[in-house]
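Numbering (the UniProt record's numbering), first residue to last: 1 to 90. Glycine included, C-beta positions come from ideal geometry on N, C-alpha and C. These numbers come from a predicted model, not from an experiment.
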(Lines of atoms letter the chains of each structure in order from A and count residues from 1; the text may use other names and numbers.)
(Lines give C-alpha, C1' and ligand atoms only; values in the text may rest on other atoms or scores of the structure.)
Protein backbone atom coordinates (compact mmCIF):
# COMPACT_ATOMS: atom_id res chain seq x y z
CA UNK A 1 0.00 0.00 0.00
CA UNK A 2 1.35 3.45 -0.86
CA UNK A 3 0.30 6.46 1.19
CA UNK A 4 0.69 10.18 0.61
CA UNK A 5 3.81 11.79 2.06
CA UNK A 6 2.05 13.52 4.92
CA UNK A 7 0.81 10.14 6.20
CA UNK A 8 4.29 8.72 6.42
CA UNK A 9 6.53 8.32 9.42
CA UNK A 10 9.16 10.78 10.67
CA UNK A 11 6.56 12.55 12.75
CA UNK A 12 5.82 11.63 16.34
CA UNK A 13 2.20 11.87 17.36
CA UNK A 14 0.75 12.65 20.79
CA UNK A 15 0.55 8.98 21.75
CA UNK A 16 4.24 8.47 20.89
CA UNK A 17 3.51 6.48 17.73
CA UNK A 18 5.07 7.22 14.36
CA UNK A 19 1.92 6.52 12.35
CA UNK A 20 -1.18 8.69 12.27
CA UNK A 21 -4.54 7.38 13.42
CA UNK A 22 -5.89 8.22 9.95
CA UNK A 23 -3.22 6.02 8.34
CA UNK A 24 -4.06 3.17 10.72
CA UNK A 25 -7.77 3.52 9.88
CA UNK A 26 -7.05 3.50 6.12
CA UNK A 27 -4.94 0.36 6.41
CA UNK A 28 -7.56 -1.40 8.54
CA UNK A 29 -10.23 -0.53 5.96
CA UNK A 30 -8.20 -2.13 3.15
CA UNK A 31 -7.12 -5.29 4.99
CA UNK A 32 -9.80 -7.49 6.53
CA UNK A 33 -7.68 -8.94 9.32
CA UNK A 34 -5.52 -6.50 11.27
CA UNK A 35 -6.26 -7.50 14.88
CA UNK A 36 -3.13 -8.96 16.45
CA UNK A 37 -1.09 -8.06 13.34
CA UNK A 38 1.73 -5.56 12.95
CA UNK A 39 1.48 -2.55 10.65
CA UNK A 40 4.94 -1.89 9.23
CA UNK A 41 5.93 1.43 7.68
CA UNK A 42 9.13 2.19 5.82
CA UNK A 43 10.72 4.25 3.11
CA UNK A 44 12.48 1.58 1.09
CA UNK A 45 13.41 -2.07 1.52
CA UNK A 46 16.10 -1.56 4.17
CA UNK A 47 13.80 0.62 6.27
CA UNK A 48 11.00 -1.94 5.99
CA UNK A 49 13.27 -4.82 6.95
CA UNK A 50 14.48 -2.92 10.02
CA UNK A 51 10.86 -2.25 11.00
CA UNK A 52 9.96 -5.93 10.61
CA UNK A 53 12.89 -7.08 12.76
CA UNK A 54 11.99 -4.49 15.40
CA UNK A 55 8.32 -5.50 15.41
CA UNK A 56 9.13 -9.19 15.70
CA UNK A 57 11.74 -8.81 18.41
CA UNK A 58 10.22 -6.03 20.54
CA UNK A 59 8.22 -8.43 22.72
CA UNK A 60 10.92 -11.06 23.04
CA UNK A 61 12.86 -10.99 26.28
CA UNK A 62 16.20 -12.49 25.37
CA UNK A 63 15.39 -14.81 22.49
CA UNK A 64 16.20 -13.95 18.90
CA UNK A 65 13.55 -13.77 16.22
CA UNK A 66 13.99 -15.34 12.80
CA UNK A 67 13.56 -13.43 9.55
CA UNK A 68 13.09 -15.48 6.39
CA UNK A 69 14.08 -13.84 3.14
CA UNK A 70 14.63 -14.99 -0.40
CA UNK A 71 16.77 -13.76 -3.25
CA UNK A 72 17.21 -11.14 -4.48
CA UNK A 73 18.42 -9.36 -1.41
CA UNK A 74 21.07 -6.71 -1.04
CA UNK A 75 24.11 -7.27 1.19
CA UNK A 76 23.08 -4.34 3.39
CA UNK A 77 19.90 -6.21 4.33
CA UNK A 78 21.91 -9.27 5.30
CA UNK A 79 24.27 -7.21 7.44
CA UNK A 80 21.43 -5.44 9.23
CA UNK A 81 19.48 -8.55 10.16
CA UNK A 82 22.27 -10.91 11.21
CA UNK A 83 21.80 -12.83 13.53
CA UNK A 84 18.05 -12.56 12.93
CA UNK A 85 18.08 -13.89 9.37
CA UNK A 86 17.43 -17.43 8.16
CA UNK A 87 17.18 -18.39 4.52
CA UNK A 88 17.46 -21.57 2.48
CA UNK A 89 19.57 -19.72 -0.07
CA UNK A 90 22.27 -18.75 2.44
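What are the boundary residues of the alpha helix (DSSP H) that includes residue i?
{"i": "residue 46", "result": "45 to 57"}
{"i": "residue 17", "result": "First-last for residue 17: undefined, no H or E at that position."}
Assign residue i to one of two classes, buried (16 or more other C-beta atoms within 10 Å of its C-beta) or exposed (fewer than that).
{"i": "residue 13", "result": "exposed"}
So, at 7 Å on beta carbons, what are the nonlocal neighbours of residue i in its own chain, with the 5 sequence-adjacent residues on each side left out?
{"i": "residue 47", "result": "none"}
{"i": "residue 94", "result": "With the chain running from 1 to 90 in the structure shown, residue 94 is simply not present."}
So, for residue i: in the same chain, excluding its five sequence neighbours on each side, which residues have a beta-carbon less than 6 Å away from its beta-carbon?
{"i": "residue 34", "result": "28"}
{"i": "residue 26", "result": "none"}
Please work out which residues of its chain come closer than 8 Å, Cβ to Cβ, to residue i, disregarding the five sequence neighbours upstream and downstream, and give them in chain order.
{"i": "residue 32", "result": "none"}
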